[in-house]
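2 protein chains.
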Amino acid sequence: MNSASRPDLVPESPGTGGAAAGRHVRRHNLALVLREVAGGEPVSRAGVAARTGLTRGTVSSLVEELIAGGFLTELAAARGGTGRPANPLQLNRSGPAGLGVEIGVDHVGACVVDLSGAVRAVRTAPSEHRSQPPAAGVARAAELAAEVIAEAGLPVVGAGVALPGVVGPDGVLQRAPNLPRWVDVAVGEQLAQRLGGIPVTPGNEADLAALAELWFGGRPADFLHVSGGIGVGAGIVLGGEPFRGAGGRAGELGHVVVDPDGPACSCGGRGCLEQAAGQEALLRAAGVPDVEQLVAAPPATVLAGAGRALGIALAGAVNLLDVPTVVLGGLYARLGNGLVDAVTAELRARVLSRPPVDVRVSQPGTGGALRAAAAAVVRERLRHP
Amino acid sequence: MNSASRPDLVPESPGTGGAAAGRHVRRHNLALVLREVAGGEPVSRAGVAARTGLTRGTVSSLVEELIAGGFLTELAAARGGTGRPANPLQLNRSGPAGLGVEIGVDHVGACVVDLSGAVRAVRTAPSEHRSQPPAAGVARAAELAAEVIAEAGLPVVGAGVALPGVVGPDGVLQRAPNLPRWVDVAVGEQLAQRLGGIPVTPGNEADLAALAELWFGGRPADFLHVSGGIGVGAGIVLGGEPFRGAGGRAGELGHVVVDPDGPACSCGGRGCLEQAAGQEALLRAAGVPDVEQLVAAPPATVLAGAGRALGIALAGAVNLLDVPTVVLGGLYARLGNGLVDAVTAELRARVLSRPPVDVRVSQPGTGGALRAAAAAVVRERLRHP
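Protein chains in written order, with my numbering: chain A, 6 to 390; chain B, 6 to 390.
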């Protein structure tokens, strides 16, 4: 790829523009080098120069700065091949790290990822937040966070926290339907205080779970990810970017109506998807006490009922958003093909667009919302080194 | 505004870059001058220079080219004031014009707008397309188009056509739920042939109706416009741009489910919004034969039922898209405050986000989808003169 076909390339030409413009170009090019190295295959300084169109001298100066800043390491030259040996560059796995925290309805989690997005320490624990004041849940999450930070032994530069509710543009958890006591809680600020001032960015759990599918599950650029749990939430990805709507709170699929006269919902509405296909509704319908038993042998009637309710809500979402792919995550992924088939049948009957919507379960091992919360920190750092 | 604060300004500096770059800059600056003149208040060459940061010489040369191309006219100087009189520039109302065509379920329309977007000729006529082959409907629309083109007497450079169904990325009408015979119809091509080769761009009626609200109704940048008719469709505007979803077919609110076991719908589904709150359902519920009688005295029960069904579907859309404003158009606008109140009450009960959704009727006199289809042509021409 040459420089003429790279719209994102800003050639570095000292002497033109002021000092501010020079710094801007430098920052841009630092990020460009990081992107090339983060891209996957090993690449040397010469390789980066060839791919970006920057001169070798410029690349070397940028690489030195990135090595000094802890972003890159340079390995010994690989053997074999012809010509001068090239030392492959890679992201410094001891460099700036990201902390992910999750506060769910009945659990907490924390993990640390390194610059490459790999999980270096992770812990989860049950923690019942429906009956506790928010401060207790935040304190429990902070304890777990301190443990994974100590275990990973990396310089954590920021944190993301996944929350089961509506996060406002100011980062405040406005409302979590399944946690009635959590109203207008500045979770980010409270967590930052308990973690010695690390900047903390709150996000919606379902949005982050969708990003995990995108970043670590190899999803294409357009899909809706719906995650089943005590709450039911969706994250929407369009054009490879999270779609958050006009006010940043898009994707509340759990509160789309599937039965107008159905049971009252924690959100104040009636007949929402969550009441028909949330974890507690499915356990009740199956007559079993916990998720493990449900997943071990889900009754056909329960799969059919959940598939129908999910299909109705998803048909509306597909008709409105025109997404080609639906990914079933969380509990829904564990219910497997029986649920996929029931959802597919309902969508076939109710969706206007063609070709038919592709329904599949989420990729195992992505690390979900918790890892995505941590990875968002390092991805941002790589974009703005 | 000076040039430093104009990120869109590309200074014209002959001698740098090649001829291709020079032409690119020239085209960019022609569009920039047009945008300043189209902005509203009268502005002279000197005013354009002051606002854009281009030199007076450059602006004069650009203005001469735009006058020669039929885009601009220069009026006589206004009297009064001090200093040299300034001749105000305006868009040439005899310049390139846009044709709008609408093929509805039971009507056709055509209009011509001038460069300023003002309607210069418009005609609509009943035309029943449910029973006719598509070619007959296209022929009727082309007749009407020829009439308005003759009446306006302007050079029509392109056309837009508003269609009541799903338009694919290739411009083909894939499916129109209320016109079962219109499947995979290349309406644009057929219309272009009948209009002597004018380029024709098909679009969804609801998307164009939303753009009419945005361009001519003074709406803010984020809203969902739902238009009631034989079909029920929505156009979504986010950040001042139409939101079309991953496949370009977003906004099919009419086929969002409001009653899972409700009546079968023309789309193949069941209990869609259109079956509960489409024009025919409302006429049936009110026991009147036509829209005029319905609008003259809408029964309270009909308003309540329509408001409830619309509210259920819109609550889902707001929960998914997080739009702050809902605009009721078409038949819904004519049903007035009774319907607004019923929809508002349903949304209050069912929407998760805050502050409450603002529900209002569409602005009268925007010209709707028909005018927007025509205006899209001249807006594009002004952006790329």
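We treat Cβ as the ideally placed atom computed from N, Cα and C, and that holds for glycine.
Rounded to the nearest angstrom, what separates Gly321/B and Ala51/A at their Cα positions? Counted from its first residue, the second sequence places residue 321/B at position 316. Counted from its first residue, the first sequence places residue 51/A at position 46. When rounded, the separation of the alpha-carbon atoms in Gly321/B and Ala51/A is 53 angstroms.
Report the neighbours of His260/B on chain A: residues whose CB is nearer than 9 angstroms to its CB, in chain order. Position 255 of the second sequence, counted from the first residue, corresponds to residue 260/B. The CB of His260/B comes closer than 9 angstroms to the CB of Ala320, Gly321, Asn324, Arg355, Val356 and Leu357 in chain A, given here in chain order.
Mind pulling the chain B residues with CB within less than 8 angstroms of Pro329/A? Mapped onto the first sequence, residue 329/A falls at position 324. Scanning chain B for C-beta atoms nearer than 8 angstroms to the C-beta of Pro329/A yields Ala251 and Gly252, reported in chain order.
Through-space distance from Arg40/B to Ala151/A, alpha-carbon basis: Position 146 of the first sequence holds residue 151/A. Position 35 of the second sequence holds residue 40/B. Roughly 56 angstroms between the two C-alpha positions.
Can you list, in chain order, the residues of the region 226-244 of chain A whose Cβ is nearer than 7 angstroms to any Cβ on chain B? Contact residues of the region 226-244 of chain A toward chain B are Asp227 and Leu243 (C-beta to C-beta distance below 7 angstroms).
Along the region 155-176 of chain B, where does the CB come closer than 7 angstroms to a CB of chain A? Name the residues. Within the region 155-176 of chain B, the qualifying residues are Val171.
With respect to the alpha helix (DSSP H) encompassing Gly478/A, which residues constitute its N-terminal and C-terminal limits? Here chain A has residues from 6 to 390 only, and residue 478/A is not among them.
Name the chain B residues whose beta carbon is nearer than 7 angstroms to that of Ala255/A? Sequence index remark: in the first sequence, residue 255/A carries index 250 (1-based). Neighbours of Ala255/A on chain B, chain order: Leu325, Leu326 and Asp327.
Cβ of Pro182/A within 9 angstroms of any chain B Cβ: Along the first sequence, read from residue 1 onward, the residue named residue 182/A stands at position 177. Closer than 9 angstroms to some Cβ of chain B, the Cβ of Pro182/A qualifies, so yes.
Mapping DSSP to helix, strand and coil, what is Ser136/A? As a first step, residue 136/A must be located in the first sequence, where it is residue number 131. DSSP places Ser136/A in the coil class of the three-state scheme, outside both helix and strand.
What is the rounded straight-line gap between the Cα of Pro207/B and the Cα of Gly114/A? If you number the second sequence from 1, residue 207/B lands on position 202. If you number the first sequence from 1, residue 114/A lands on position 109. Within the model, the alpha-carbon separation for Pro207/B versus Gly114/A is close to 51 angstroms.
Is the beta carbon of Phe221/B closer than 9 angstroms to that of Gly372/B? To locate residue 372/B, count along the second sequence from 1; it is residue 367. To locate residue 221/B, count along the second sequence from 1; it is residue 216. The answer is yes: Cβ separation under 9 angstroms.
Identity of the residues DSSP links to Ser232/B by a beta bridge: For the purposes of this step, residue 232/B is identified with residue 227 of the second sequence, where counting begins at 1. In DSSP, Ser232/B forms a bridge with Gly238/B and Gly334/B.
Can the beta-carbon of Leu37/B be found less than 9 angstroms from the beta-carbon of Leu59/B? The residue you call residue 37/B lines up with position 32 of the second sequence. The residue you call residue 59/B lines up with position 54 of the second sequence. Yes, these two residues count as a Cβ contact at 9 angstroms.
Taking 9 angstroms as the CB-CB cut-off, is Val263/A touching chain B? Counting from one through the first sequence, the residue named residue 263/A turns up at place 258. Chain B contact via Cβ: present.
For Ile317/A, would you say it is in contact with chain B, using Cβ-to-Cβ distances shorter than 9 angstroms as the test? As a first step, residue 317/A must be located in the first sequence, where it is residue number 312. Interface residue, yes.
Helix, strand or coil for Ala73/B? Go by DSSP, reduced to three states. Sequence index remark: in the second sequence, residue 73/B carries index 68 (1-based). Here Ala73/B sits in helix by DSSP.
At what residues does the beta strand (DSSP E) containing Leu96/B begin and finish? Translated into positions along the second sequence, residue 96/B becomes position 91. Leu96/B -> beta strand (DSSP E) spans Leu94 to Leu96.
Compute the beta-carbon to beta-carbon distance between Val161/A and Ala102/A, rounded to the nearest angstrom, for a pair I have assumed lies under 8 angstroms. For the purposes of this step, residue 161/A is taken as residue 156 along the first sequence, with counting starting at 1. For the purposes of this step, residue 102/A is taken as residue 97 along the first sequence, with counting starting at 1. Contact holds; Cβ gap of about 5 angstroms.
With a 10 Å radius around its C-beta and 16 neighbouring C-beta atoms as the bar for buried, classify Pro19/B as buried or exposed. Looking up residue 19/B in the second sequence gives position 14. For Pro19/B, the pLDDT reaches just 43, beneath the cut-off of 50, and the residue's location in the model is therefore unreliable, although a value from the coordinates is still provided. For Pro19/B, the number of other beta carbons within 10 angstroms of its own is below 16, and it is reported as exposed.
Counting only beta-carbon separations shorter than 9 angstroms, does Gly373/A have a partner in chain B? As a first step, residue 373/A is located in the first sequence; it is residue number 368 there, counting from the start. By this cut-off, Gly373/A is not an interface position.
Once you ignore the five residues that flank Pro265/A on each side, which residues in its own chain have a CB closer than 6 angstroms to its CB? On the first sequence, residue 265/A is found 260 positions in, with the first residue counted as 1. Taken in chain order, the residues that qualify are Gly276.
Beta carbons nearer than 7 angstroms to chain B: which residues of the region 269-282 of chain A have them? So the list reads Cys272, Gly273 and Gly274, given in the order they occur along the chain.
With DSSP collapsed to three states, give me the class of Val153/A. Here residue 153/A refers to the residue found at position 148 of the first sequence. In the structure shown, Val153/A falls within a helical segment according to DSSP collapsed to helix, strand and coil.
If I follow the unbroken alpha helix (DSSP H) through Asp119/B, where does it start and stop? Along the second sequence, read from residue 1 onward, the residue named residue 119/B stands at position 114. No alpha helix (DSSP H) holds Asp119/B; DSSP gives it neither H nor E.
Rounded C-beta distance between Leu178/A and Gly165/A? I'm assuming under 8 angstroms. Counting from 1 along the first sequence, the entry for residue 178/A is found at position 173. Counting from 1 along the first sequence, the entry for residue 165/A is found at position 160. Rounded to the nearest angstrom, the Cβ distance from Leu178/A to Gly165/A is 13 angstroms, too far for a contact under 8 angstroms.
Assess, as a yes-or-no matter, whether the region 197-211 of chain A is touched by the region 238-246 of chain A under the definition of 3 or more beta carbon pairs within less than 8 angstroms. Result yes; three or more Cβ-Cβ pairs closer than 8 angstroms.
For the alpha helix (DSSP H) that contains Val383/A, what are its first and last residues? Translated into the one-based positions of the first sequence, residue 383/A becomes position 378. For Val383/A, the enclosing alpha helix (DSSP H) covers residues Gly373 to Arg388.
Chain A contact for Arg28/B (CB, 9 angstroms cutoff): Locating residue 28/B in the second sequence gives position 23, counting from the first residue. False, the Cβ-Cβ gap to chain A never drops below 9 angstroms.
For Glu246/A, the first and last residue of its enclosing alpha helix (DSSP H): What you label residue 246/A is simply residue 241 of the first sequence in a count that begins at 1. Element bounds for Glu246/A: not the alpha helix (DSSP H) but the beta strand (DSSP E), Glu246 to Phe248.
Out of Ser65/A, Val106/A and Ala215/A, state which residue places its alpha-carbon closest to the alpha-carbon of Val394/A. Outside the modelled stretch of chain A, which goes from 6 to 390, sits residue 394/A, for which no answer is possible.
Under the three-state DSSP convention, the category Glu107/A falls into: Indexing the first sequence from 1 puts residue 107/A at position 102. When DSSP states are grouped into helix, strand and coil, Glu107/A belongs to the strand group.
Given a threshold of 16 other Cβ atoms within 10 Å of its Cβ, counted over all protein chains shown, does Val188/B qualify as buried or as exposed? As a working mapping, residue 188/B is identified with position 183 in the second sequence. So Val188/B ends up on the exposed side.
What would DSSP say about Glu5/A, mapped onto helix, strand or coil? For residue 5/A there is no data in the structure shown, the boundaries of chain A being 6 and 390.
Cutoff 9 angstroms: Arg313/B Cβ touching any chain A Cβ: Taking the second sequence and counting its residues from 1, the one referred to as residue 313/B is at position 308. Output row for Arg313/B: interface = yes.
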